[in-house]
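Asks: Sharing a structure with you now.
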Amino acid sequence: MQDLGQAFNLAIRLVWSGDADLFEIIGLSLRVSLTAMVIACLTGLSIGAALAVARFPGRGAVLVAINALMGLPPVVVGLLVYLHFSRAGPLGWMGLLYTPTAMIVAQTVLITPIIAALSRQVLEDLHNEYAEQFRSLSVPGHVAMGALIWDARYSLLTVALAGFGRAVAEVGAVIIVGGNIDHLTRVMTTAIALETSKGDLSLALALGIVLLAIALTVNALVMMLRTTAGRYAYA
Amino acid sequence: MLPLAVEGLTLEVEGRRLIDAIDLALKDISLTVVMGPNGAGKSLLLRLLHGLIAPTAGEIRWGGMAMGPAVRKRQAMVFQRPILLRRSVAANVAFALKLNNDATADRRDELLSLVGLLERKRQPARLLSGGEQQRLALARALATSPEVLFLDEPTASLDPASVLVIENILSQARSAGTKIVFVTHDVGQAKRLAEDIVFLDQGRLAEHASASEFFANPESTAAQAYLEGRIVV
């Protein structure tokens, strides 16, 4: 309990003092996870929309696979990305190992199935509502996909948020491909792991509190947006 | 797209015959009303004629062409419960206009003006009243410039003022050359609008006659009972 109290004080002091190292770590965490989220949304929403609209043999198996991939262990993703980007790997020539780019790739791989699977469910529910009207209007598949994504945009914010939450909170993948290098690839979760292993629990907890505060702020903003949209019957 | 030729149209679902070998021909009639008791197959017939569901057996030909996407593209349908996009009133019409490569603001406003919703174009479509939503659905259907317009009980549960507005819009569409196929339970409405009546009973075509003949002298016992308001079980 004493640690928790100290951690709160330290967290506030660190943020209030504008600690450069802390803000560098927060900045990199947000940059890596937000970039991964944007890339994962571009691919995951397209996959989700296609699966929501299309009917083809084997669709059930694809859905099972996508849903199963939501539970990908971050360390396994980290290892796979490491194997690809290591010097002996097929993408070793790119020299990306232990860079923020490798961390973005790992997080993108980790959260794309989450965004695809969750968005598929949201978009399929909406498609069930629209399907007969779309068929009547002879709406082409790609137009239907775009319309579904646009009309479900507020619900999809929650999906994107789930992806962001998973990305910003994971440690296993980024520590393997990023290496937790100070001033280069150190993000909040890897810094927390490091400080904990060093026995500096107050600093680790302070970083955890900042991470939690970021997550709360992002969630509150999305909820406000959704509530406003719901009031106007757009969500 | 006329004439419409339907031969042996049958729809079976899980062993139940919901539409039973219907033969139907529509020629130079601009407004056909489909009537019949609940469960007679009126909505199913409309969906089959619009190609939303495939028949188990039989054939539908519009203007000599087999039912398919190319034919459906020249038709539009308004459902009993309007399916509106989660967008503004204007965006709902604009969506259909874009499909028709005709997405000008003037055309959009012209359609909204036709259905009396121009003043509300910026409002979310789903916050409109039931009658307004149905008028918006009608505007969106007309945005595709359909040669045939299907309406599945569009005025059910609407107040008389909204019914009148929709009937006036349909009259204008008919005058503009759109073929209208309309399902209704309302005998008074059928008398006001119909040129011919297709009467269904238990999935079968019980009667197809001009409106004047049908209301003056219905031939089938099912139609006689229906028009007299008798409950037939």
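Chains as they are written, first to last, in our numbering: chain C, -1 to 233; chain U, 711 to 943.
For every residue, glycine included, the Cβ atom is placed at its ideal position computed from N, Cα and C.
1. Reducing DSSP to helix, strand and coil, say where residue 151 (chain C) ends up.
2. Under three-state DSSP, which class holds residue 789 (chain U)?
3. Given 7 Å as the limit, tell me if residue 118 (chain C) has its C-beta closer than that to any heavy atom belonging to the ligand PLP.
4. Measure the Cβ-Cβ separation of residue 767 (chain U) and residue 735 (chain U) and say whether it is below 8 Å.
5. Would you kindly report the start and end of the unbroken beta strand (DSSP E) that includes residue 889 (chain U)?
6. For chain C, is any of its Cβ atoms less than 8 Å away from the one on residue 760 (chain U)?
7. Residue 127 (chain C) touches chain U at which residues, Cβ-Cβ below 8 Å?
8. How is residue 796 (chain U) classed by DSSP in three states: helix, strand or coil?
9. With three or more beta-carbon pairs closer than 8 Å as the criterion, would you say the segment 154 to 166 of chain C touches the segment 867 to 887 of chain U?
10. Give me the chain C residues within the contact set of residue 854 (chain U), using Cβ-Cβ distance strictly less than 7 Å, ordered along the chain.
11. Counting Cβ pairs, one atom from each stretch, are 3 or more of them under 8 Å apart for the segment 715 to 725 of chain U and the segment 217 to 225 of chain C?
12. In the structure shown, what three-state DSSP assignment does residue 825 (chain U) receive?
13. Below 8 Å, how does it come out for the segment 725 to 732 of chain U and the segment 878 to 888 of chain U: are there three or more Cβ pairs, yes or no?
14. Note down, one range per segment and in chain order, each alpha helix (DSSP H) of at least 4 residues found wholly within the segment 58 to 97 of chain C.
15. Touch check for the segment 775 to 782 of chain U and the segment 805 to 813 of chain U: three-plus C-beta pairs under 8 Å?
16. Would you tell me roughly how many angstroms separate the C-alpha atoms of residue 95 (chain C) and residue 215 (chain C), rounded to the nearest one?
17. Select from U:738, U:915 and U:927 the residue whose C-alpha is nearest the C-alpha of residue 773 (chain U).
18. Verify the CB distance criterion: does residue 883 (chain U) have a CB-CB separation below 8 Å to chain C?
19. Could you please give me the residues that DSSP links to residue 723 (chain U) through a beta bridge?
20. Name the chain C residues that come within less than 9 Å of residue 776 (chain U), Cβ to Cβ?
21. For residue 806 (chain U), go through chain C and note every residue whose CB falls closer than 8 Å to its CB, in chain order.
22. So, for residue 174 (chain C): in the same chain, excluding its five sequence neighbours on each side, which residues have a beta-carbon less than 7 Å away from its beta-carbon?
23. Against chain B, does residue 711 (chain U) count as a neighbour if the rule is that its beta carbon must be under 8 Å from one of theirs?
24. To the nearest whole angstrom, what separates the beta carbons of residue 863 (chain U) and residue 893 (chain U), a pair I think is in contact under 8 Å?
Replies: So, to answer that:
1. On the first sequence, residue 151 (chain C) is found 153 positions in, with the first residue counted as 1. If DSSP states are grouped into helix, strand and coil, residue 151 (chain C) belongs with the helices.
2. On the second sequence, residue 789 (chain U) is found 79 positions in, with the first residue counted as 1. Here residue 789 (chain U) sits in coil by DSSP.
3. With respect to the ligand PLP, the structure offers nothing, as it holds no ligand at all.
4. Here the question's residue 767 (chain U) lines up with position 57 in the second sequence. Here the question's residue 735 (chain U) lines up with position 25 in the second sequence. Result no, Cβ atoms of residue 767 (chain U) and residue 735 (chain U) do not sit closer than 8 Å.
5. For the purposes of this step, residue 889 (chain U) is taken as the residue at position 179 of the second sequence. Run containing residue 889 (chain U): 889 to 893, per the beta strand (DSSP E) assignment.
6. As a first step, residue 760 (chain U) must be located in the second sequence, where it is residue number 50. Yes, because at least one Cβ of chain C sits closer than 8 Å to the Cβ of residue 760 (chain U).
7. Residue 127 (chain C) sits at position 129 when you count from the first residue of the first sequence. In chain order: 793.
8. The sequence position of residue 796 (chain U) within the second sequence is 86, counting from 1. Here residue 796 (chain U) sits in coil by DSSP.
9. no
10. On the second sequence, position 144 is the one that residue 854 (chain U) refers to. Within 7 Å Cβ-Cβ: 135.
11. no
12. On the second sequence, residue 825 (chain U) is found 115 positions in, with the first residue counted as 1. The answer is coil: DSSP assigns residue 825 (chain U) none of H, G, I, E or B.
13. no
14. 72 to 83
15. no
16. Residue 95 (chain C) sits at position 97 when you count from the first residue of the first sequence. Residue 215 (chain C) sits at position 217 when you count from the first residue of the first sequence. Distance between the alpha carbons of residue 95 (chain C) and residue 215 (chain C): 32 Å.
17. For the purposes of this step, residue 773 (chain U) is taken as residue 63 along the second sequence, with counting starting at 1. Put simply, of U:738, U:915 and U:927 the residue whose alpha carbon is nearest the alpha carbon of residue 773 (chain U) is U:738.
18. Counting from one through the second sequence, the residue named residue 883 (chain U) turns up at place 173. Cβ-Cβ to chain C under 8 Å: no for residue 883 (chain U).
19. As a working mapping, residue 723 (chain U) is identified with position 13 in the second sequence. Note: residue 723 (chain U) sits in a beta bridge opposite U:726.
20. Reading the second sequence from its first residue, position 66 is the one you call residue 776 (chain U). Near residue 776 (chain U) there are no residues of chain C at all, since even the closest Cβ is about 16 Å away, more than 9 Å.
21. Within the second sequence, the letter at position 96 stands for residue 806 (chain U). Residues of chain C passing the Cβ test: 135.
22. By 1-based counting over the first sequence, the position of residue 174 (chain C) is 176. Only 73, 76, 77 and 80 meet the Cβ criterion.
23. No chain B appears in the structure shown, which is made up of the protein chains C and U.
24. Counting from one through the second sequence, the residue named residue 863 (chain U) turns up at place 153. Counting from one through the second sequence, the residue named residue 893 (chain U) turns up at place 183. Contact flag correct, Cβ pair sits at about 5 Å.
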